[in-house]
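Residue numbers (the working numbering), protein chains in the order written: chain E, 138 to 493; chain Z, 138 to 493.
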């Protein structure tokens, strides 16, 4: 076999201006992604600043820069995208539309990146709404939760598509051949939940045989989020965001409580010294896995949103995720799933009902 | 002062037949409540069984029994109440309606107790829906979360009432003079959330000046649930139930992870031995505080639902809570708040809009 026949690695456009530690830590992370993992990266942001940072890293020749004079502010509203056509995120999206890049990585504000990339990359044909997918640190495999906040008010048909977006993600990034999908609701028996959840479950059951087939496992509850029994948990963006933040807050609360308990007496303090390394490792695992990066699925291009507090290591991880998703052609996989699903009988029947 | 002038303590009807450890542990808990705290209790359930258990505890003279030949099964549906008019929960409700008891304590299935008591005690005049309130173990004061699952599909007007139900609970059970109320949503700025949350926040802001006044602190997010910044968190029963179970699952997950980390190396194991007592205390605090008992607010009578796995101590705690709420006349407080609120200008304006 001729090795030159292998397709070139996808180019990842890294927004160098977004995040609490931009641009220095972003540049460092991009340099690591290129040097340690051989990824192809283009940095997007203010040319003079980025060029001197790259020189400091002795990487000016290894990474090209696409100039963007503007940046999104961290708390910019939904209109940010229209107001800032020359922001680093907007310029990165332009690279993707032109075919010069396949993926965007940004540590900018989630709201700003979601709005900008949705407007500029547009949803894939047939996709009703893009959904934000996050990773829950379950073992042995991570669980994907979506939508984690892109659509506060959703319809059952959107949630069915989210199930397929999530399944494509699990296949591409985690190598799961038949992802198990659950729907977040209250009560484990069928028919439990609010109107949205009940209709979604009905529709998922009706279309599970395909095309494309979906391994729908029924209802999951809040306390199932971290037990790893499914690969994908589907919900609307309001419930998903509340659930995700409740989990994050509770884990932090529990760690703090453990910390207080471990330093409450002299004997316990000695014990804590002996365990410091074990606990530190645990906390690091939580932080890095929870904050590995959210993915906006369903757009014409791969979008990975790293945590705003990301340092070089977080950006490096986000680039790796973007590389895996874009290299695994998740956009094509989503297109195949969605076009098959919109032809499936249960789905058409349902759409017919809605038009009444 | 003549001591005889003090009103007698409220009578608590304890469902002896509900829960994983019924009736033995329920009877033991009731006996403790009477002996240790001087509460007034009547046990409801099968007479022969309860009478021999009371004799074992040497308490046959201290606690009366109200006979109920039937019980609710643990997973009984919404029609349970109609099917089982002689269940222990139904008989306890009859005692309350007759004025022979002021409160019900049950460790039966939440769904069954909610349905039965709602049908048999009815909502208070002006109350649109009863709401299930749970306690989150925040410090220094607990936070009340409601609705935790009684109403999967709610309207903004119901959530405004839930705010007042929760405020009455915080005043009566936790002695908070001006309870701070937050609304669970996504994003901290006003105007964030789904349609329900946005309309509810608007309505809460419009009616916060009263009557009756409400210290409405605006939006809270999932990670704020355990930081104790508000005394009451208002949400619909779907979101509330998902959030509560997410928190419970995440805390359990974190404790398990800590446990694994603390026994992962020999040095860490020695440390864990030194800390065993501190960690055990922490876990106990979590279990007892989280599972202290949910309260169904807005009915003509006080209803405390203890955790299904409650043993004697849990039942004793639930009886104490019922005693505090009934003794503090929470039903009267709710009536005053709701009748004032339904006359408040912002509310009437809003109701007028809805009738269009």
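Glycine is no exception: its CB is placed at the ideal position from the N, C-alpha and C atoms.
Note that the structure is a prediction, hence the values are computed from the model and not measured.
Indicate the three-state DSSP secondary structure (helix, strand or coil) for residue i in the structure shown.
i: residue 474(Z); result: helix
i: residue 374(Z); result: helix
i: residue 467(Z); result: helix
i: residue 249(E); result: helix
i: residue 434(Z); result: strand
i: residue 426(Z); result: Any reading at residue 426(Z) must be qualified, since the residue scores a pLDDT of 49, below 50, and its modelled position is unreliable; the value itself is stated next. Helix at residue 426(Z).
i: residue 268(E); result: strand
i: residue 224(Z); result: strand
i: residue 242(Z); result: strand
i: residue 369(E); result: strand
i: residue 260(Z); result: strand
i: residue 285(Z); result: coil
i: residue 344(Z); result: helix
i: residue 196(E); result: coil
i: residue 333(Z); result: helix
i: residue 338(Z); result: helix
i: residue 391(Z); result: helix
i: residue 290(E); result: coil
i: residue 232(E); result: helix
i: residue 158(E); result: coil
i: residue 361(E); result: helix
i: residue 209(E); result: coil
i: residue 328(E); result: coil
i: residue 461(E); result: helix
i: residue 493(E); result: At residue 493(E) the pLDDT is 35, less than 50, meaning the model places this residue with poor confidence; the figure from the coordinates comes in the next sentence. Three-state result, residue 493(E): coil.
i: residue 479(E); result: coil
i: residue 237(E); result: coil
Please list, in chain order, the chain Z residues whose beta carbon lies closer than 9 Å to that of residue i.
i: residue 195(E); result: Those do not exist, as residue 195(E) stays about 38 Å from chain Z at its closest Cβ, beyond 9 Å.
i: residue 162(E); result: Result: empty, since nearest Cβ-Cβ is about 24 Å, beyond 9 Å.
i: residue 191(E); result: By Cβ distance, chain Z contributes nothing, its closest Cβ being about 36 Å from residue 191(E), past 9 Å.
Is the beta carbon of residue i sitting closer than 8 Å to the one on residue j?
i: residue 285(E); j: residue 302(E); result: no
i: residue 449(E); j: residue 206(E); result: no
i: residue 345(E); j: residue 351(E); result: yes
i: residue 179(Z); j: residue 148(Z); result: yes
i: residue 186(Z); j: residue 308(Z); result: no
i: residue 435(E); j: residue 203(E); result: no
i: residue 153(Z); j: residue 144(Z); result: no
i: residue 156(Z); j: residue 244(Z); result: yes
i: residue 209(Z); j: residue 255(Z); result: no
i: residue 261(Z); j: residue 475(Z); result: yes
i: residue 200(E); j: residue 167(E); result: yes
i: residue 386(Z); j: residue 363(E); result: yes
i: residue 359(E); j: residue 380(Z); result: yes
i: residue 356(Z); j: residue 325(Z); result: yes
i: residue 338(E); j: residue 348(E); result: no
i: residue 333(E); j: residue 297(E); result: no
What in chain Z is Cβ-close to residue i, meaning under 8 Å?
i: residue 337(E); result: What residue 337(E) touches in chain Z: nothing, since even the nearest Cβ is about 12 Å away.
i: residue 359(E); result: 378, 379, 380, 381, 382, 383, 384, 385, 386
Which partner residues of residue i appear in the DSSP bridge assignment?
i: residue 356(Z); result: 320(Z)
i: residue 273(E); result: 280(E)
i: residue 152(Z); result: 181(Z)
i: residue 106(E); result: No statement about residue 106(E) is possible, as the shown extent of chain E runs from 138 to 493 and does not include it.
Using a threshold of 7 Å, is the CB atom of residue i nearer than that to any non-hydrogen atom of the ligand NAD?
i: residue 398(Z); result: Judged by which ligands are present, the structure shown has none, so any question about the ligand NAD falls away.
Which residues mark the beginning and the end of the alpha helix (DSSP H) in which residue i is found?
i: residue 309(E); result: 293–311
i: residue 448(Z); result: That residue, residue 448(Z), is in no alpha helix (DSSP H); it is neither H nor E in DSSP.
i: residue 172(Z); result: 161–174
The beta strand (DSSP E) that contains residue i, what's its start and end?
i: residue 441(Z); result: 439–442
Could you list which residues in chain E have their beta carbon closer than 8 Å to that of residue i, in chain order?
i: residue 376(Z); result: 375, 376, 379
Below 9 Å on C-beta distance, what does residue i contact in chain E?
i: residue 286(Z); result: 323, 324
Which bits of chain Z does residue i rub up against, with CB to CB less than 7 Å?
i: residue 312(E); result: Correct list: empty, because the minimum Cβ distance to chain Z is about 24 Å.
i: residue 362(E); result: 383, 386
i: residue 497(E); result: Absent from the structure is residue 497(E), since the part of chain E shown begins at 138 and ends at 493.
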